[in-house]
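Heads up: the structure comes next, in structure tokens.
Chains as they are written, first to last, in our numbering: chain A, 9 to 297; chain B, -18 to 221; chain C, -7 to 337.
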């Protein structure tokens, strides 16, 4: 094992991790504000992946071009889902919320299975196997472009929460539900907006992800778990934590792939999850409750 | 020797000292009221005694036995029953089952615990509600359920955290009557946190006043309410 | 002699409920005489979900600890008994004990870590999933049990009826599973009327209040996890010897865990009949739907699961307490007048 190999794998892992980060960001934002855990997160991403694959197969549209339209559609989807289905559950016990979203996940996975069948699909873009060389470093184009897009998406979200009045209002809701209601914020609508933003993130991440992996109907569950691992490692509800966690998990998975059977590499993430849960349950970037 | 002896206990949260070097006793068969303005550290004192968290310094003993550092269930076993200021009923269980859970620890079996629960509910005027879900009770009823449940554990000392808050004057008087009767008949000692002075004056034999986590006055109810330091902390400088 | 012993089980149970239970049991006992092999296999599936649902219910319905990783215990139970049988010829009944021990040991690990370190709510659910996934991947790379390629037990002729070695026809498995389900039901019934059951409910409702009443919450939560995982492992042993093949991918999957959870939630969380009712309603409806779709030429993979999802969604939204509380009222089994204890019986 040479240094340049390790370096290449590490850089690849970090770039993939940024895409993971964008996906997990959606979960983190939803949890941080609405306090609902989206157990259908990865499954939602798989819908976006299929949309991107379809657009590529029929219209030859680059998946990266699909980010904006898919994110828009997902925003509407998330908004309506929150208003219609999830909002009545805000004050219900946690386990009912989980089961509600698990039901949604079950429907998505098997709905996709009914429509697309069990076979894996992909979007073979022209540059799928191209790489760029920087000294000893060989970077896949898809990974680089994907990571750039993910960073852009995350930056947009950060900017929204930092500067936009609506973003600030949402943060106020997250900090103090009662207070937000008292000062006249429409909490129900802000929650729906947040859920929409969270699903938009995962939609965008899905479009990028088809450049990196094949999509099957059942791929979603694994990504739901991955997103959980990432946000818990990073700190549930912390936006920066989601990105850090994503990079960390991407990196550790990639490096683990060097020393063990690639199909066993997610054991490393789960081990990391257990360690973080035990010793720093608030996550790496989270505040202690 | 007093039943409960609290000696110089202190507790800080993130640098804020909620309780500093507070000491007080509850005599065997006595009723002590812990009063003070909001944020004076009363509930923290309670939680220290009940084992929710350990004190940073100081000792707590019940009948000579150290309590500090024990878990809440161990404190209960040692002979202390407590209520919660924000009531915590087992909502999906019947009122009777709520009390029975408390009684199970010291009774032979479920049937014996159920009998004990009925007696206690009777004592607190909740007998008619025994089969109702705890979730269906009104706030004053829930407060009484808290007391009933704590009493079911057969404590030697009862910690009551604002059980009169939100009660109407007549209900307060009823609760005072029930508590003083139990105290008289069974010798159960009571430590209560209370804002309702009407209840404190009627029930407590001794009063300890906390302010900013420190004991600023102690004595009988009559002397304490005339204490200048107490008046100042409740009413501000202008009162003097 | 039988009087007091019966009294132990039937105390406080309405007469009408006893009669209905008797009829139900008689129907279940006679069922194999009337059913063809397909319908029998459906009924086996019903009992399988009823049993595993009952086991899961101990942990969530009674003690309030949400496990979404119960496939872990199914898989461990199945693999332990099957591998011991295959490699060492150890009798499956002995293997069952080992299976329960292994599953309970894993349960103890999950419970200890979670309860000692104060991991609750969503974190606990995730920890259970993480353990199941971790173990699944581990078994994928565990050559002794065949790894990802699976573990296969030799299939024997249909005519055999070898209860000792768990080799035989579907009818044998049916009665075995029925016995297991009835035993689990009776056990839970007993527990719910004993100190431990009431302590579990108290912990489920409010942990702080429970602890203040002298309940050693850590210990009682551990009891729930140990019992639930050991019971679930027996379901796994059954699975192994009934289906004769095991793949980590399938048996440890999250989908398996969710299937286990569906019955009790749809039937009624924390009730004794909920898991039975939920398993029956779901399985029968799903099989009916499958038949209907294939008759219409619309059979698609995934249709059953979509149906599960829609059922789950509908029940959670419209019947948050499940089907059983309503049905119990219809059957006139509610105790006395007035709003009695909701989550019993």
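The beta-carbon is built from N, C-alpha and C at its ideal position, and this holds for glycine as well.
Beta-carbon proximity of residue i to residue j, cut-off 7 Å
| i | j | result |
| --- | --- | --- |
| residue 203 of chain A | residue 22 of chain A | no |
| residue 123 of chain C | residue 61 of chain C | yes |
| residue 198 of chain A | residue 178 of chain A | yes |
| residue 127 of chain C | residue 218 of chain C | no |
| residue 121 of chain C | residue 285 of chain A | no |
| residue 116 of chain A | residue 250 of chain C | no |
| residue 36 of chain A | residue 200 of chain A | no |
| residue 7 of chain B | residue 172 of chain B | yes |
| residue 107 of chain A | residue 257 of chain C | yes |
| residue 181 of chain B | residue 3 of chain B | no |
| residue 208 of chain B | residue 207 of chain C | no |
| residue 60 of chain A | residue 71 of chain A | yes |
| residue 219 of chain A | residue 154 of chain A | yes |
| residue 32 of chain A | residue 230 of chain A | no |
Integer Cβ distance of residue i from residue j, believed to fall under 8 Å
| i | j | result |
| --- | --- | --- |
| residue 101 of chain B | residue 142 of chain B | Between residue 142 of chain B and residue 101 of chain B the Cβ distance is about 19 Å, and since that is not below 8 Å, they are no contact. |
| residue 18 of chain A | residue 262 of chain A | 6 Å |
| residue 131 of chain B | residue 64 of chain B | 5 Å |
| residue 145 of chain B | residue 153 of chain B | 5 Å |
| residue 224 of chain C | residue 95 of chain C | 7 Å |
As assigned by DSSP and simplified to three states, the class of residue i
| i | result |
| --- | --- |
| residue -3 of chain B | strand |
| residue 71 of chain B | coil |
| residue 122 of chain B | helix |
| residue 146 of chain C | coil |
| residue 213 of chain B | helix |
| residue 271 of chain C | helix |
| residue 253 of chain A | helix |
| residue 331 of chain C | Bear in mind that the predicted position of residue 331 of chain C carries a pLDDT of just 39, short of 50, making it unreliable; the figure below should be weighed with that in mind. Coil. |
| residue 198 of chain B | strand |
| residue 105 of chain B | coil |
| residue -14 of chain B | strand |
| residue 45 of chain A | coil |
| residue 242 of chain C | helix |
| residue -6 of chain C | Its pLDDT being 41, under 50, residue -6 of chain C is placed unreliably in this model, and the value from its coordinates should be taken loosely. It is helical. |
| residue 273 of chain A | coil |
| residue 296 of chain A | Below a pLDDT of 50, predicted positions are generally treated as unreliable, and residue 296 of chain A, at 47, falls in that range; the measurement from the model is reported next regardless. Coil, per DSSP. |
| residue 28 of chain C | coil |
| residue 296 of chain C | helix |
| residue 111 of chain C | coil |
| residue 54 of chain A | helix |
| residue 218 of chain C | helix |
| residue 8 of chain C | helix |
| residue 130 of chain C | helix |
| residue 265 of chain C | coil |
| residue 336 of chain C | Residue confidence is low: residue 336 of chain C scores 41 on pLDDT, short of 50, so the model does not pin down where it sits. No coordinate-derived value is stated. |
| residue 161 of chain B | helix |
| residue 57 of chain C | coil |
| residue 162 of chain A | helix |
| residue 269 of chain B | Absent from the model: residue 269 of chain B. The displayed extent of chain B is -18 to 221, so no value can be given. |
Chain-ordered chain D contacts of residue i [CB-CB under 9 Å]
| i | result |
| --- | --- |
| residue 243 of chain C | Judged by its chain identifiers, the structure shown contains no chain D, and its protein chains are A, B and C. |
Margin query: With three or more beta-carbon pairs closer than 8 Å as the criterion, would you say the stretch -17 to -2 of chain B touches the stretch 32 to 40 of chain B?
Written below: yes
Next item on the list: Note down, in chain order, all residues in the stretch 274 to 294 of chain C with a beta-carbon under 9 Å from any beta-carbon belonging to chain A.
Entry: 292, 293 and 294
Next item on the list: Examine the Cβ distances between the stretch 82 to 102 of chain A and the stretch 220 to 227 of chain A and report whether three or more of them are shorter than 8 Å.
Entry: no
Notebook entry, point to check: Closer than 8 Å, Cβ to any Cβ of chain C: which residues of the stretch 131 to 144 of chain B, in chain order?
Noted result: 131, 133 and 134
Notebook entry, point to check: Do the stretch 72 to 88 of chain A and the stretch 81 to 90 of chain C make contact, defined as three or more Cβ pairs closer than 8 Å?
Noted result: no
Checklist line | Contact list for the stretch 159 to 192 of chain C against chain B, Cβ threshold 8 Å | finding: 185, 186, 187, 190 and 191
Checklist line | Interface positions of the stretch 66 to 83 of chain B facing chain C (Cβ-Cβ less than 7 Å), listed along the chain | finding: 69, 71, 72, 73, 74, 75, 78, 81, 82 and 83
Notebook entry, point to check: Within the chosen definition, does the stretch 209 to 229 of chain C reach the stretch 189 to 198 of chain C through at least 3 CB pairs nearer than 8 Å?
Noted result: yes
Margin query: Taking contact to mean 3 or more Cβ pairs, one atom from each stretch, closer than 8 Å, check whether the stretch 14 to 33 of chain C and the stretch 152 to 172 of chain C are in contact.
Written below: yes
Check: Looking at chain B, which residues of the stretch 199 to 221 of chain C have a Cβ within less than 8 Å of any of its Cβ atoms?
Finding: 200, 201, 202, 203, 204, 205, 206, 207, 208 and 209
Notebook entry, point to check: Residues in the stretch 156 to 184 of chain A with C-beta within 7 Å of chain C's C-beta atoms, listed in sequence order?
Noted result: none
Next item on the list: Tell me, please, whether the stretch 134 to 142 of chain C touches the stretch 238 to 252 of chain C by the rule of three or more beta-carbon pairs shorter than 8 Å.
Entry: yes
Check: Is it a yes or a no for the stretch 69 to 76 of chain C touching the stretch 259 to 277 of chain C, going by three-plus beta-carbon pairs under 8 Å?
Finding: no
Item checked: Residues of the stretch 258 to 279 of chain A whose Cβ lies closer than 8 Å to any Cβ of chain C, in chain order -> 269, 271, 272, 274, 275, 278 and 279
Margin query: To be precise: take each residue of the stretch 121 to 132 of chain C, compare its Cβ to all Cβ atoms of chain A, and keep it if any distance is under 9 Å. Which residues remain?
Written below: 121, 122, 123, 125, 126, 129, 130 and 132
Check: Closer than 7 Å, Cβ to any Cβ of chain B: which residues of the stretch 245 to 256 of chain C, in chain order?
Finding: none
Checklist line | Residues, ordered as in the chain, of the stretch 293 to 312 of chain C that lie near chain A by beta-carbon distance below 7 Å | finding: 293, 294, 295, 297, 298, 300, 301, 302, 304, 305, 308 and 312
Next item on the list: Could you list the residues in the stretch 95 to 121 of chain C with a C-beta less than 8 Å from some C-beta on chain A, going in chain order?
Entry: 105, 109, 110, 111, 113, 114, 115, 117, 118, 119 and 121
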